[in-house]
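Structure first, then comments.
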Amino acid sequence: MEQEEIKIDLSKIDFNKDRSYGFLKVEDKEEKNKKYKLLLKEAISRGEEKLFKKKVQELKGE
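In structure tokens form, the structure reads like this:
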């Protein structure tokens, strides 16, 4: 049986909510970087790059 990959609808992510940054808690650096790049690309496409990077820095500091 093949493992199905769960697809996330990126258009529904709210970059103002802390829960959107749950990927920061992932232990695997490669997986964390992959998710960071994916969400950064989405933030850039919406014009929310500064907000995204600011929230990432805030949450890393906790």
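Taking my numbering, I'd label the letters of the sequence shown as residues 190 to 251. Every residue gets a Cβ at the ideal spot worked out from N, C-alpha and C, and that includes glycine.
Sequence-distant Cβ neighbours of residue 231 in its own chain, meaning closer than 7 Å and more than five residues away, are 199 and 202. Excluding the 5 residues flanking it on each side, residue 249 has same chain C-beta neighbours closer than 8 Å at 213, in chain order.
Residue 240 is classed as exposed because its beta carbon has fewer than 16 other beta carbons within 10 Å across all chains shown.
In the displayed model, residue 205 falls within coil according to three-state DSSP, outside both helix and strand.
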